[in-house]
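Following: one structure in structure tokens, then a few remarks.
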Amino acid sequence: MIVYASKSGNTKQLADALEKEMLVRSIPTAEISEEEIASCQSFLIGYWVNQGNCDEETKKLLTKLHGKQIFLFGTLGAKDSGNYYDAVKQRVEALLGDNELIGHYLCQGKIRPEVIERYRVMAKQKPDDEHLQMQLENYEAGITHPDQNDIQLLLEAYRCMKSKLHAPKR
Ligand SMILES: Cc1cc2nc3c(=O)[nH]c(=O)nc-3n(C[C@H](O)[C@H](O)[C@H](O)COP(=O)(O)O)c2cc1C
1 MIVYASKSGN
11 TKQLADALEK
21 EMLVRSIPTA
31 EISEEEIASC
41 QSFLIGYWVN
51 QGNCDEETKK
61 LLTKLHGKQI
71 FLFGTLGAKD
81 SGNYYDAVKQ
91 RVEALLGDNE
101 LIGHYLCQGK
111 IRPEVIERYR
121 VMAKQKPDDE
131 HLQMQLENYE
141 AGITHPDQND
151 IQLLLEAYRC
161 MKSKLHAPKR
């Protein structure tokens, strides 16, 4: 089963790609029922990064899952540099409890245009602030993401873990 939390559409783009690949309908995390949770053994869970961790809806869902197989996928504003992606992944994986992690994919997503505009104004006001400059460049570079390459890498990660999936219960 594919579920996703997405405020501005980036993570939904990834869920849509998985939906096409698997021919399984994806549903918003907030809409999943207790029956669906009980009857399903494997979950592909999409989240967006909020303050270095997964969003609140995803956190809530994870507390309800026990003994399940979980493939995580998410989007965030930062680009993949340094160890930030690993740190985010570790924080989210720490919430898995007794579930089995079978894969985890993270990629950059675009930031809302009004936020970028705010950063442009701030960068003009503080031209010597290197950190601000870096963030602005990062956000501007993110405008095209998730792109075809991000989607391709997601599908590769999915195909790699596919053989680990338990067969559905009959
Ligand atoms: C309230 C809020 C907090 C965020 N916190 C982070 C963060 O800590 N690190 C980061 O890289 N991006 C952060 N972002 C950017 C989002 O993770 C990014 O835009 C993501 O792709 C949104 O996914 P969505 O379009 O599926 O909602 C934040 C965005 C919002 C609105």
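Residue numbers (our numbering): 1 to 170.
Where is the CB? At the ideal position from N, CA and C, for every residue including glycine.
Give me, in chain order, the residues of the same chain whose beta-carbon lies closer than 8 Å to that of residue i; leave out the 5 immediate sequence neighbours on both sides.
i      : result
Ala123 : Asp129, Leu132, Gln133, Leu136
Asp98  : His66, Gly67
Spatial neighbours of residue i within its chain, please: CB distance less than 7 Å, with the 5 preceding and 5 following residues excluded, ordered by chain position.
i      : result
Gln13  : Pro146
Leu96  : Leu62, Ile70
Arg91  : Gly52, Asn53
Lys162 : none
Lys59  : Leu95
Lys64  : Ile37
Within the same chain, show all residues whose beta-carbon is closer than 6 Å to that of residue i, passing over the 5 residues directly before and after it, in chain order.
i      : result
Tyr85  : Leu106
Glu21  : Leu155
Lys164 : Ile102
Please report the Cβ distance between residue i and residue j, rounded to the nearest whole angstrom; I am assuming they are in contact, meaning their Cβ atoms lie under 8 Å.
i      : j      : result
Gly67  : Ile111 : Their Cβ separation, rounded to whole angstroms, is 37 Å, which puts Gly67 and Ile111 out of contact at 8 Å.
Val88  : Val49  : 6 Å
Tyr4   : Gly46  : 3 Å
Ala17  : Ile2   : The Cβ separation is near 10 Å, so there is no contact.
Tyr139 : Gly82  : Actually they are not in contact, since the Cβ atoms of Tyr139 and Gly82 sit about 17 Å apart, beyond 8 Å.
Ala30  : Glu57  : 5 Å
Leu101 : Glu93  : 6 Å
Gly109 : Thr75  : 3 Å
Identify the residues that DSSP records as bridge partners of residue i: which are they?
i      : result
Glu100 : Gln69
Pro28  : Tyr4
Cys54  : Val49
Gln108 : Leu76
Ser42  : Gln69
If we count Cβ pairs, one from each stretch, closer than 8 Å, do we get three or more for the region 102–114 versus the region 144–151? yes
With contact counted as at least three CB pairs below 8 Å, one residue from each stretch, are the region 32–45 and the region 6–13 in contact? The answer is no - the region 6–13 does not touch the region 32–45, with fewer than three Cβ pairs under 8 Å.
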